[in-house]
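**Q** Mind having a look at this structure? Questions to follow.
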Amino acid sequence: MQLNSEQILYHKSKFMAKILTNREDNYSQWYNDLVIKAELADNSAVRGCMVIKPYGYAIWEKIQAILDKRFKETGHQNAYFPLFIPKSFFSKEASHVAGFAKECAVVTHYRLKNSPDGKGIVVDEDAKLEEELIVRPTSETIIWDTYRTWIQSYRDLPLLINQWANVVRWEMRTRLFLRTAEFLWQEGHTAHATEAEAQAEAALMLEVYAEFLETHMAIPVWKGVKSPNERFAGAVETYCIEALMQDGKALQAGTSHFLGQNFAKAFDVKFVNKENKQEYVWATSWGVSTRLMGALIMAHSDNNGLVLPPKLAPIQVVIVPIFKSDEQFASVNEKALYIKKQLETKGISVKYDNRDTQKPGFKFAEHEFKGVPVRIAIGPRDVEENTVEVARRDTLEKAIYQITDIEIKIEHLLEQIQLNLFNKAMNFRENNTFTVDTWDEFVDTIEHKGGFVLAHWDGTPETEQRIKEMTKATIRLIPLDPKKEEGRCILTGNPSHFRVVFARSY
RNA sequence: CGGGGUAUAGCGCAGUCCGGUUAGCGCACCUGGUUUGGGACCAGGGGGUCGUAGGUUCGAAUCCUACUACCCCGACCA
């Protein structure tokens, strides 16, 4: 019972109200259409800032809930630090300020007044701040300034804090979820007594992110370390997870930084060790943002709309009743409610779409567009035969299920869908990962195939920069445990001992 | 910030070149009826300072000027 593509096309072309640009025709437009028409987010009246709509926010809340639980399981506590950061804090860590200076929003005044010409309101020049405030692009500085007062002794360590917050980076060009001027994220900031402990923390959180993407978002990731060019401003080492989108571009999905003692020194955060000696503390920070929403959308969705992995879908199963007469509705309704109750005993989130203002076909199309993993349709024929029609979003297949043990069958189906999405994404990545040895091959692959390209690099920032200028491809990551392989840099021909991962990226 | 484009009902558009009734159309919305196993149909109805501010003109959605916002492409970045 499979709906073939011609049938789908027929339905779409004849009735379609929500037009989705074809993914193959214009990937960016497809993405934008999807975000807006699936009601995940909208552009707002504020340049570069988005409105996250209830359906999109529900997905973000699921992401938050799962990660928050993992953070707490790994010993972290949530706290909240100010949105505003005194400008002077920023200049304390040289590379940090250099990295963020160009994209900071600055608060200079604290009052408005009626304009002298009587038209509207103007900034009151008399209300100029003594010290200007930066709207946080990230919170290292305010947090480390605070940690100074929290940390005295090795007994205060490790300090394991996370905050869920919004940050602002004044980007020139923005895209819904992928790059917005304001975005939501979590930022972990930890302080440790030893370098090894801090390194272990950075590695642990990278692992938490990788596990989350793979098992919940169904997106396979590469783990690695950033080249100096791509390193976080102020970090000693930046670890990252990179995912491959369906257009062959890479997306950095999360980062975890080993900050060494850079911020401890800049903000004079010392502790007394067991030998009663003063030492600077060792630090990490790590974060993921609403950008994950972009990854989720781009990794799985198709020309019929959004495709959501069951573990993050706000609605996992939608039940659509089909009926003509009131008597039919009564019996269908009874069965539908029974099924809903059964599914809920397994913790499945079910929407019973019993709106009488929309026809079944409309509901099918709508829930399909919004990526609901499983749809159950139940009509008079089903009631008679004790069956339902089950359609899965990932493959668009339909099947008839006996209602007996429906909750077990659907639970199993959801697991299958989750797995299938991961496997599809994994296959895609494998089919779009290329190994090249010459410059011509490299350019050709980046230009015509996209994807991840494994190549030798001489290890210098200059070479990476030149490659970026010539091909727009950057080193997405250096594998954590690179396989030893002697070769020559694709650009300079200098010796190299292992391959790194190149790609064009978001 | 550079290049290009757009702005007319909630959404998508026509009308603008070549100024001239009451600014149209599709979808959506409201009412009534018939319908309901893949985006229903019929009838009736509501909704517009034509992005903003000036200007030209007897008359401006239409011509001119400035401004603003958004989208796409680049440089920058998660």
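Using my numbering, read the first sequence as starting at 6 and increasing by one per residue. Glycine included, every Cβ here is placed at the ideal spot set by N, Cα and C.
(1) Can you give the Cα-Cα distance for glutamate 474 and lysine 254, rounded to whole angstroms?
(2) Run through DSSP, which three-state label would histidine 81 get?
(3) Have a look at the DSSP bridge pairing and note the partners of arginine 184.
(4) I'd like to check one pair, tyrosine 244 with glutamine 168: are the Cβ atoms closer than 7 Å?
(5) Can you list, in chain order, the residues of its chain whose CB lies under 8 Å from that of threonine 185, leaving out five sequence neighbours each side?
(6) Could you name the residues that DSSP lists as bridge partners for alanine 404?
(7) Where do the ends of the beta strand (DSSP E) carrying tryptophan 287 lie?
(8) Alpha carbon to alpha carbon, how far is threonine 220 from alanine 304?
(9) So what's alanine 205 in DSSP terms, helix, strand or just coil?
(10) Taking the alpha helix (DSSP H) that isoleucine 344 belongs to, which residues open and close that run?
(11) Mind checking glutamine 82: buried by the 16 CB within 10 Å criterion, or exposed?
(12) So for glycine 492, helix, strand or coil by DSSP?
(13) Can you name, in chain order, every residue of its own chain whose Cβ lies under 7 Å from the Cβ of isoleucine 41, other than the five neighbours on each side?
(14) With 16 other CB atoms within 10 Å as the buried threshold, where does arginine 398 fall?
(15) Specify whether the stretch 479-489 and the stretch 269-283 touch according to this definition: at least 3 beta carbon pairs, one from each stretch, less than 8 Å apart.
(16) Count the other C-beta atoms from every protein chain shown that fall within 10 angstroms of the C-beta of alanine 106, then say buried if there are 16 or more, exposed otherwise.
(17) Pull up the distance between the alpha-carbon of valine 226 and that of serine 261, whole angstroms please.
(18) Three-state secondary structure (DSSP) at alanine 1?
(19) Alpha carbon to alpha carbon, how far is leucine 165 from alanine 269?
(20) Residues in the same chain with beta-carbon distance under 6 Å from valine 102, minus the five sequence neighbours each way, listed in chain order, please.
(21) On the CB-based measure, 16 or more other CB atoms within 10 Å of its CB, does leucine 117 come out buried or exposed?
(22) I'd like to know if the stretch 138-149 and the stretch 188-203 are in contact, where contact means that at least 3 CB-CB pairs between them fall below 8 Å.
(23) Using beta-carbon positions only, say whether valine 323 and valine 377 come within less than 7 Å of one another.
(24) Please list the segments of the beta strand (DSSP E) lying wholly inside the stretch 198-272, counting only runs of 3 or more residues, in order along the chain.
(25) What does the alpha-carbon distance come out to for the pair leucine 297 and aspartate 150?
(26) Between which two residues does the beta strand (DSSP E) carrying isoleucine 422 extend?
(27) Classify threonine 468 as buried or exposed, calling it buried when 16 or more other Cβ atoms lie within 10 Å of its own Cβ.
(28) Evaluate the contact criterion for the stretch 456-463 versus the stretch 202-210: three or more CB pairs, one atom per stretch, below 8 Å.
(29) Under the three-state reduction of DSSP, which class applies to aspartate 129: helix, strand or coil?
(30) Would you decide whether histidine 197 is buried or exposed? Buried here means 16 or more other CB atoms lie within 10 Å of its CB.
(31) How is histidine 461 classed by DSSP in three states: helix, strand or coil?
(32) By the three-class DSSP mapping on this structure, what secondary structure does tryptophan 190 have?
(33) From the DSSP output, which residues share a beta bridge with methionine 502?
(34) According to the Cβ coordinates, are isoleucine 224 and alanine 430 closer than 7 Å?
(35) Would you call the CB atoms of aspartate 442 and serine 501 closer than 7 Å?
(36) Give me the Cα-Cα distance between asparagine 9 and lysine 403, rounded to the nearest whole angstrom.
**A** On the basis of the supplied data:
(1) Locating residue 474 in the first sequence gives position 469, counting from the first residue. Locating residue 254 in the first sequence gives position 249, counting from the first residue. Going from the Cα of glutamate 474 to the Cα of lysine 254 covers about 17 Å.
(2) Position 76 of the first sequence holds residue 81. The answer is coil: DSSP assigns histidine 81 none of H, G, I, E or B.
(3) Counting from one through the first sequence, the residue named residue 184 turns up at place 179. Answer is Arg180.
(4) By one-based count along the first sequence, residue 168 stands at place 163. By one-based count along the first sequence, residue 244 stands at place 239. It is not a contact, given that the beta carbons lie outside the stated cut-off.
(5) Residue 185 sits at position 180 when you count from the first residue of the first sequence. So the qualifying residues of the chain are Gly53, Cys54, Met55, Glu176, Thr179 and Thr295.
(6) Locating residue 404 in the first sequence gives position 399, counting from the first residue. Note: alanine 404 sits in a beta bridge opposite Val395.
(7) By 1-based counting over the first sequence, the position of residue 287 is 282. 287-294 is the extent of the beta strand (DSSP E) around tryptophan 287.
(8) In the first sequence, residue 220 corresponds to position 215, counting from 1. In the first sequence, residue 304 corresponds to position 299, counting from 1. About 14 Å.
(9) Along the first sequence, one-based indexing puts residue 205 at 200. In this structure, DSSP gives alanine 205 a helical state, which the three-state scheme calls helix.
(10) Here the question's residue 344 lines up with position 339 in the first sequence. Where isoleucine 344 is concerned, the enclosing alpha helix (DSSP H) stretches over 331-349.
(11) As a working note, residue 82 is residue 77 in the first sequence. It counts as exposed.
(12) Taking the first residue of the first sequence as 1, we reach residue 492 at position 487. DSSP places glycine 492 in strand when its eight states are reduced to three.
(13) Along the first sequence, one-based indexing puts residue 41 at 36. For isoleucine 41, same chain residues with a beta-carbon under 7 Å away, outside a window of 5 residues either side, are Asp47 in chain order.
(14) Walking along the first sequence from the start, residue 398 turns up at place 393. When all chains shown are included, arginine 398 counts as buried.
(15) No, the stretch 479-489 does not touch the stretch 269-283.
(16) By one-based count along the first sequence, residue 106 stands at place 101. Answer is exposed; the Cβ neighbour count stays below 16.
(17) Here residue 226 corresponds to residue number 221 of the first sequence, with the count starting at 1. Here residue 261 corresponds to residue number 256 of the first sequence, with the count starting at 1. Approximately 14 Å, taken between the alpha carbons.
(18) It is not possible to answer for residue 1, since the shown part of the chain is limited to 6 through 511.
(19) Within the first sequence, the letter at position 160 stands for residue 165. Within the first sequence, the letter at position 264 stands for residue 269. Each residue's Cα considered, the two are about 15 Å apart.
(20) Position 97 of the first sequence holds residue 102. Around valine 102: Phe95 and Ser96.
(21) Translated into the one-based positions of the first sequence, residue 117 becomes position 112. Exposed, since its Cβ has fewer than 16 Cβ neighbours within 10 Å.
(22) yes
(23) Here residue 323 is taken as the residue at index 318 of the first sequence, counted from 1. Here residue 377 is taken as the residue at index 372 of the first sequence, counted from 1. The answer is yes: Cβ separation under 7 Å.
(24) 227-230, 242-249 and 255-265
(25) Position 292 of the first sequence, counted from the first residue, corresponds to residue 297. Position 145 of the first sequence, counted from the first residue, corresponds to residue 150. Those two C-alpha atoms are separated by around 29 Å.
(26) Taking the first residue of the first sequence as 1, we reach residue 422 at position 417. Not the beta strand (DSSP E): isoleucine 422 falls in the alpha helix (DSSP H), residues 411-436.
(27) The residue you call residue 468 lines up with position 463 of the first sequence. By the neighbour-count rule (16 or more Cβ atoms within 10 Å), threonine 468 is buried.
(28) no
(29) As a working mapping, residue 129 is identified with position 124 in the first sequence. Aspartate 129: coil per DSSP, three-state reduction.
(30) Here residue 197 refers to the residue found at position 192 when the first sequence is read from its first residue. With 16 or more Cβ atoms within 10 Å of its Cβ, histidine 197 is classed as buried.
(31) For the purposes of this step, residue 461 is identified with residue 456 of the first sequence, where counting begins at 1. Correct three-state label for histidine 461: strand.
(32) Within the first sequence, numbered from 1, the residue matching residue 190 stands at position 185. Here tryptophan 190 carries a strand assignment [DSSP, helix/strand/coil].
(33) Taking the first sequence and counting its residues from 1, one reaches residue 502 at position 497. A small fix is needed here, since residue 502 is histidine in this sequence, not methionine. In the DSSP assignment, histidine 502 forms no beta bridge with any residue.
(34) In the first sequence, the residue the question calls residue 224 occupies position 219. In the first sequence, the residue the question calls residue 430 occupies position 425. For isoleucine 224 and alanine 430, yes; Cβs fall inside 7 Å.
(35) On the first sequence, position 437 is the one that residue 442 refers to. On the first sequence, position 496 is the one that residue 501 refers to. In this structure, serine 501 does not lie closer than 7 Å to aspartate 442 by Cβ.
(36) Sequence index remark: in the first sequence, residue 9 carries index 4 (1-based). Sequence index remark: in the first sequence, residue 403 carries index 398 (1-based). Because asparagine 9 sits at a pLDDT of 35, beneath the cut-off of 50, its placement in the model cannot be relied upon, and the point is left open.
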